[in-house]
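Residue numbers (my numbering), protein chains in the order written: chain Y, -4 to 530; chain S, 122 to 461.
C-beta atoms are modelled at their ideal positions from N, C-alpha and C, and glycine is treated no differently.
In this text the structure is predicted, and so the values were computed from the model without any measurement.
Beneath this line is the structure, given in structure tokens, with notes to follow.
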């Protein structure tokens, strides 16, 4: 299988790489951010890998295209997001998920096996499969797979499957451990469940809450109820205010009447004119504070005010009643679950947390059960074969490692490193190199070896040279990339010969591999697939 | 059974006319703004006096109806005597009921000099005056009589009591008050006027007009105005929705509901102050301060009025706090904005 072409972009700007040749292809540049990783990841993405693009690159908006050659036949792959198009001899097939696409991919990558995962046996996903020959630049961890979903157990199972030695079998020890874990998780689960029950929440209610967090209709009802509630308290407040004011006026009336009674004294009358207003004329202002007309007028006005307040109070009372009634109606009209939601919101948020924990626990328990059930197939022979497969691969890794590093003493003990074991940059390089080369040799597949940043971390020239030699000696196509140091670049470290094809990306603009120059060619490709240019 | 007769029926009418003439003086006479004090039953029934006593308005009132020109002449005697005295009077006014139009050349005017009468009647007026002078044994000079008659004014009572009261002070919404409101005020003034006459000054001598003040037979014009303003405020106080605009500045940071409560509180304070006769002196001091501040500067702010009020007064005035004083000031200030 050969990679002939990789391209990506859209109708406005694109990049097309069609310079790949049969043997070793080294894509290099004198600096980072020249697009090498984009090309490598773009290639793998086009044929079903998980997206591992540098942050900021809008891969969702790009079309990814590759031409792969299988036994002399060119097959085209086009991908955007989750949609795939495969064109083979004029026949076009469209898929809208990796899960569907991979079944077609198997037609070309014949080694893709079925493996057991989550209690089912299904076709392996491309992202795990590709790890047998593709090493990306990022997320490197020798103790684990690149994928999040698949772990190293899965990868080993993949290898077993590729070697036709079936599923991995659990040892008795392992079974016992799993059973113990299962017991502890189950007991934790029941404790949590008790707490949840203690909160006394109807599971239907909590389901509604969780489901309807963004439900517009429920929000509307909630707002309506809130609105009426505030109107009720507003009306209540107004009523209290007016009652208070009426009380003040009534008190004032009483006070004024009592003050008034004190004035009504005086039976003295002027003999001449009949006036009853006899006042002491001592040079001060002699008029009364009010006359009887004004007094009566004041008292009458206050009485009228009180009458008015009475009316207002009656009206406000009716108001409060009306609002309360409409609140009752609104609450009654709300679905039962909503009523519970509104009334028990706080309790629900606590319950929610417990809920989440429970879900996680359940998942763990299922996982463990999974392992138990699949592991309980007792197949001694299989286990033997599996052991020898692993041993075979590991010994290959060790041999290859010593080929490129003459002074190497340590041995690999497993396909993966032990977790926590630190690998230096160059050790990582050696590890990945050995791994993919060993796998290639063991399974004798003809897939290209694709390593992005193959000499990341200061591998020595000697080792590098030996690696390159090894690359040249296998029949598979090799795609590798490197960022050279200045002196290396200027001395033209890599020179094309009949075995090595160098592709220089140094001239690319930093962080801008896509250009309008390629737009036309790429546009033609897109149009050939029937992709319509957006307006 | 016994029927009262020969009672002093004329007294009521007479005193009413005396009060009306007082009000006419304050409301309609020439240069009325200069009148600072009104002497009661001193120089004449009512005599207006400027602040220094240098300007004097003299009024004789006679409530008798259907006076003939001759009788009118006789009524002028006190005015003539004043004319003839050492003091110089600015105006000489006879205040009487409506004169029969046949005596007058133009009976619509309401205020007449001697020339307002028809020639014959004018002579009769003069005759009446002269007769009266002879009767009382007062020597006179003919020229003086003529000069006097040229100056004298005869004013008809053409308005009702309400109007005379209204004319003392211009206040908002005067016309919405019914007549009994004004009649009550009229009676109050009338009462005071009567009381002022109770002292005995017959035979007393003064050198200058201003000396009349020592007899306490006078009414301050400002006091009268204050009386009227007070009555307006009192009757407006508990009117629905009464909110003097000047008070808004004080309460602009308050919410509407809090403002309403504050206003109710102020009104209650003022109401109690109106009713509590034990704090009468303090109340009038406050009121006087408010009215004089506004007279001094119609645009004075109510908070300034409150601040410049002496603290001794406000401390004794238990009903009014600062807000109460400001509300009262606002009512007075806004009520007076229409004053001429």
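First through last residue of the alpha helix (DSSP H) which encompasses residue i
| i | result |
| --- | --- |
| residue 317(S) | 300 to 317 |
| residue 282(S) | 282 to 287 |
| residue 426(Y) | 420 to 438 |
| residue 447(S) | 443 to 457 |
Other residues of its chain near residue i: CB distance less than 7 angstroms, five sequence neighbours each side excluded
| i | result |
| --- | --- |
| residue 290(S) | 346, 349, 350, 460 |
| residue 5(Y) | 56, 57, 58 |
| residue 137(Y) | 411, 412, 418, 423, 426 |
| residue 420(S) | none |
Alpha-carbon to alpha-carbon, residue j and residue i
| i | j | result |
| --- | --- | --- |
| residue 228(Y) | residue 215(Y) | 20 angstroms |
| residue 359(Y) | residue 12(Y) | 45 angstroms |
| residue 137(S) | residue 165(S) | 16 angstroms |
| residue 30(Y) | residue 506(Y) | 7 angstroms |
| residue 199(S) | residue 273(S) | 12 angstroms |
| residue 337(S) | residue 372(S) | 44 angstroms |
| residue 94(Y) | residue 7(Y) | 30 angstroms |
| residue 523(Y) | residue 445(Y) | 28 angstroms |
| residue 302(Y) | residue 445(S) | 25 angstroms |
| residue 457(S) | residue 359(S) | 18 angstroms |
| residue 21(Y) | residue -1(Y) | 14 angstroms |
| residue 85(Y) | residue 393(Y) | 45 angstroms |
| residue 366(S) | residue 451(S) | 7 angstroms |
| residue 447(Y) | residue 181(Y) | 44 angstroms |
Three-state secondary structure assigned by DSSP to residue i
| i | result |
| --- | --- |
| residue 400(S) | helix |
| residue 252(Y) | helix |
| residue 68(Y) | strand |
| residue 45(Y) | coil |
| residue 381(S) | helix |
| residue 264(S) | helix |
| residue 119(Y) | coil |
| residue 461(S) | Unreliable placement is indicated for residue 461(S), whose pLDDT of 39 sits below 50; the coordinate value is still reported in the next sentence. Of the three classes helix, strand and coil, the one that applies to residue 461(S) here is coil, per DSSP. |
| residue 127(Y) | helix |
| residue 233(S) | strand |
| residue 386(Y) | helix |
| residue 140(S) | helix |
| residue 17(Y) | coil |
| residue 451(Y) | coil |
Nonlocal neighbours in the same chain, by C-beta distance under 6 angstroms from residue i, ignoring five residues either side
| i | result |
| --- | --- |
| residue 25(Y) | 479, 484, 501 |
| residue 369(S) | none |
| residue 466(Y) | 19, 473 |
| residue 124(Y) | 107 |
| residue 182(S) | 138, 139, 142, 166, 216 |
| residue 389(Y) | 407 |
Within-9 angstroms CB hit, residue i to chain Y
| i | result |
| --- | --- |
| residue 393(S) | yes |
| residue 381(S) | yes |
| residue 311(S) | yes |
| residue 355(S) | yes |
| residue 295(S) | no |
| residue 344(S) | yes |
| residue 378(S) | yes |
Cβ-based neighbour list, residue i, same chain, cut-off 8 angstroms, excluding 5 preceding and 5 following
| i | result |
| --- | --- |
| residue 103(Y) | -4, 63, 65, 70 |
| residue 367(Y) | 165, 170, 173, 174, 177 |
| residue 438(Y) | 106, 127, 157, 158 |
Residue i at chain S interface by Cβ criterion, 9 angstroms
| i | result |
| --- | --- |
| residue 240(Y) | yes |
| residue 285(Y) | yes |
| residue 250(Y) | yes |
| residue 305(Y) | no |
| residue 597(Y) | In the structure as shown, chain Y starts at -4 and stops at 530, and residue 597(Y) therefore has no counterpart that could be examined. |
| residue 226(Y) | no |
| residue 356(Y) | no |
| residue 243(Y) | yes |
Segment limits, beta strand (DSSP E) that includes residue i
| i | result |
| --- | --- |
| residue 2(Y) | -3 to 4 |
| residue 83(Y) | 78 to 83 |
| residue 305(Y) | No beta strand (DSSP E) holds residue 305(Y); the alpha helix (DSSP H) holding it covers 287 to 328. |
| residue 168(S) | 167 to 170 |
| residue 191(S) | Careful: residue 191(S) lies outside any beta strand (DSSP E), inside the alpha helix (DSSP H) at 190 to 196. |
| residue 12(Y) | 9 to 12 |
| residue 345(S) | Residue 345(S) -> not in any beta strand (DSSP E); alpha helix (DSSP H) instead, spanning 342 to 358. |
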